[in-house]
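With the sequence shown counted from 1, adding 1025 to any position gets you this note's numbering.
Using N, Cα and C, we set each Cβ at its ideal position, and we do this for glycine too.
All figures in this text were calculated on a predicted structure; none of them were measured in a lab.
All remarks here apply to the structure that follows.
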Amino acid sequence: MLVRILKNGCNTRFVADALAKFLKIHAREVSFAGQKDKHAVTEQWLCARVPGKEMPDLSKFQLEGCQVLEYARHKRKLRLGALKGNQFTVILREISHRQDVETRLQAIAERGVPNYFGAQRFGIGGSNLQGALRWAESDRAGARSQ
């Protein structure tokens, strides 16, 4: 079954584990396409494998900071990376120097922004960073020899 949730203050794995416990299934039976920021208000689809069972009533699922928006039966598992994209609304509060913000927004529009967030970006123990450094070094070495 697919479950669309609204959450704030809890990470994706925490919600998936709580959903599995509620459905009385193993945590590995709950999947998702990507992880959302714990500190943002986010909507996300989760997938729970509940074969041969009646459709559960998720209106009784309670988890602080989490709300079930909709759910329905579905035959395919939602897999990690099965994303078409993300949409964001950024809200700025207590701005003291509006011109500074406008200058930075223009720079972001021209150059974009780095997408760094924890182990998801850097790898376990920073392994993604080490790989990127090795790649950059080998690329520089190749450029020097030409």
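For residue i, which residues from the same chain have a beta carbon less than 8 Å from its beta carbon, with the 5 sequence-adjacent residues on both sides left out?
i, result
"K1182", "Residue 1182 falls outside the range modelled here, since the chain spans only 1026 to 1171, and no answer is possible."
"D1042", "A1052, V1055"
Alpha carbon to alpha carbon, how far is residue j from residue i? Give it in angstroms, no decimals.
i, j, result
"V1040", "P1081", "17 Å"
"V1093", "V1055", "15 Å"
"A1045", "M1026", "12 Å"
"D1125", "A1132", "11 Å"
"G1137", "R1159", "24 Å"
Helix, strand or coil for residue i, going by three-state DSSP, please let me know.
i, result
"R1029", "strand"
"F1057", "strand"
"E1079", "coil"
"A1107", "coil"
"F1114", "Inspection of the sequence shows that residue 1114 is occupied by Thr rather than by Phe. In this structure, T1114 counts as coil in the three-state DSSP scheme."
"Q1087", "coil"
"E1068", "strand"
"E1211", "It is not possible to answer for residue 1211, since the shown part of the chain is limited to 1026 through 1171."
"V1093", "strand"
Leaving out five residues before and five after residue i in sequence, what residues of the same chain have Cβ atoms less than 7 Å from its Cβ?
i, result
"G1090", "K1032, N1033, G1034, C1035"
"K1063", "G1034, C1035, N1036"
"E1135", "none"
"I1120", "V1126"
I believe residue i touches residue j by the beta-carbon criterion, under 8 Å. Please report the beta-carbon distance rounded to the nearest angstrom.
i, j, result
"L1048", "V1075", "6 Å"
"L1117", "A1058", "That pair is no contact at about 28 Å."
"Y1178", "L1083", "Here the chain covers residues 1026 to 1171 and nothing more, so residue 1178 does not appear."
"Y1071", "V1115", "Contrary to the premise, residue 1071 reads as Leu rather than Tyr in this sequence. About 24 Å separates the two Cβ atoms, so there is no contact after all."
Judging by CA-CA distance, which residue of the options is the nearest neighbour of residue i?
i, options, result
"A1073", "H1099, Q1087, S1084", "H1099"
"L1088", "K1078, I1030, I1120, I1050", "I1030"
"A1065", "F1113, S1163, Q1155, K1078", "F1113"
To which residues of the same chain is residue i closer than 6 Å at the C-beta, ignoring the five residues directly before and after it?
i, result
"F1086", "F1047, V1093"
"A1161", "none"
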